[in-house]
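Asker:
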Amino acid sequence: SKKEEKAIQAEKENKEPKSKKEEKAIQAEKENKEPKSKKEEKANESEKKIKKIVLGKEHKTNGLEGKSIDSESKIANSERLIEVKTPFSIISDVTSFKKSPNMNVKNQEVYVFRNEEDARGRELASTLLTTMEYYHGEIDCNLVSSNLHEKRVLLELSNQKEKGNIEESWVGSSSWIPIHGIILEKEVEADVNNYITAKLPIEIGRYKGEISLIEKIIFKETVIEIKEVSQEIIVTNKEFLLPKIIKKGKNPSIIEKGSLRVEGYIFQCIEFTSEQSENHDKIYQLMQNIVLELNVQLLQEQEVRVRIT
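Going by the working numbering, the first residue of the sequence shown is number 4, and it counts up by one from there.
1) Going by DSSP in three states, N162 sits in which element: helix, strand or coil?
2) How should Q303 be labelled, buried or exposed, when 16 other C-beta atoms within 10 angstroms of its C-beta is the threshold for buried?
3) Rounded to whole angstroms, what is the Cα-Cα separation between E213 and S103?
4) In three-state DSSP terms, what is N196?
5) Helix, strand or coil for M135? Go by DSSP, reduced to three states.
6) Is it buried or exposed for L297, if we count other Cβ within 10 angstroms and need 16 for buried?
7) I'd like to confirm the pairing. Which residues does DSSP put opposite K154 in its beta bridges?
8) Return the CA-CA distance between D284 and K223, expressed in angstroms with no decimal places.
9) I'd like the span of the beta strand (DSSP E) that includes E242, first residue to last.
10) Keeping to the same chain, check which residues put their C-beta closer than 6 Å to that of E126; ignore five residues upstream and five downstream.
11) Would a C-beta distance cut-off of 8 Å place V299 and V147 closer than the cut-off?
12) DSSP has A201 in a bridge; who is on the other side?
13) Where DSSP assigns a beta bridge to L297, which residues make up the other side?
14) Compute the beta-carbon to beta-carbon distance between G175 and V97, rounded to the nearest angstrom, for a pair I have assumed lies under 8 Å.
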């Protein structure tokens with residue numbers, strides 16, 4: 004039993020140094036690992052500092068880029084659109100007709116009686132009047148075509164110039180020129196059975212008028228370019244007026260002239276490129292020299308004799 008106790012004691016002594024060696028080895032490994040983790044932490048901290056520095060530079064450059072973008076946006080070009088109405092009118096007499104127009108005529112017949120005298124008194128004047136009026140269709144005024152000739156000039160003017168003179172526009176007057184032939188009235192053949200009477204729209208004339216216009220448009224921005232101009236002719240009033248005639252006796256009424264009126268405006272959409280600048284040393288103006296041609300047709304419903312074939 005003593006031998007067994009000695010053997011167990013010896014085994015314990017042999018085991019204890021081994022565990023101590025193992026503990027020393029584990030301790031050494033820990034000591035080796037700790038400096039490594041500290042080095043890694045230092046390295047990570049240095050990397051973080053480098054990243055912060057780099058990110059800081061990036062933020063600064065981004066800020067500079069933002070400033071440059073803002074400065075560019077202040078002087079950036081933009082597309083703008085304005086609308087302009089340029090009025091025009093032609094009011095002039097027409098003295099030539101392709102076919103004589105029919106007009107409302109009052110036919111008045113007057114009968115004069117012999118003055119009589121009786122117990123009631125003496126007649127100073129005694130007349131009998133009969134008035135008849137013939138009504139015809141209205142004359143339609145139609146715009147057939149228009150031609151617009153234009154010269155555009157974009158001007159850069161000094162701000163010291165008087166604004167009243169810059170904005171002044173001008174409209175020239177015009178008259179109507181007949182552009183039709185003349186139809187000669189023909190005698191109807193004796194055999195009236197070969198004809199019927201019909202009411203048809205008859206062209207009584209075509210006329211051309213020219214209007215000279217100068218339109219001046221002032222821009223509040225710095226204009227770089229006029230990109231596109233769309234134009235439309237709008238007619239607001241058109242009419243043909245004949246004089247009133249009271250016909251006395253059997254003499255035929257002859258229409259020698261009438262008044263043709265056409266009014267409206269040129270509607271323009273002007274698209275341009277402008278620069279948003281705070282510098283107002285210059286004034287920008289678009290000057291348009293315009294010649295507008297209008298072709299007008301006059302129609303009236305008239306009774307005509309149509310031959311039956």
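Think of the CB as a built atom: it goes at the ideal place given N, C-alpha and C, for glycine as much as any other residue.
Answerer: Inspection of the coordinates gives the following:
1) Coil.
2) With 16 or more neighbouring CB atoms inside 10 Å of its own CB, Q303 falls in the buried class.
3) In this structure, the alpha-carbon of E213 lies about 24 Å from that of S103.
4) Helix, per DSSP.
5) The answer is strand: DSSP assigns M135 an E or B state.
6) Taking a 10 Å sphere around the C-beta of L297, we find 16 or more other C-beta atoms and assign the residue as buried.
7) DSSP output for K154 lists N292 as bridge partner(s).
8) Approximately 11 Å between the Cα atoms of the pair.
9) Where E242 is concerned, the enclosing beta strand (DSSP E) stretches over 225 to 244.
10) Apart from sequence neighbours up to five positions away, the residues of its chain that approach E126 with a beta-carbon distance below 6 Å are N118, E119, ordered along the chain.
11) In terms of Cβ geometry, V299 and V147 form a close pair [threshold 8 Å].
12) DSSP output for A201 lists V307 as bridge partner(s).
13) Partner(s): S149, G212.
14) Not really, about 19 Å apart at Cβ, beyond 8 Å.
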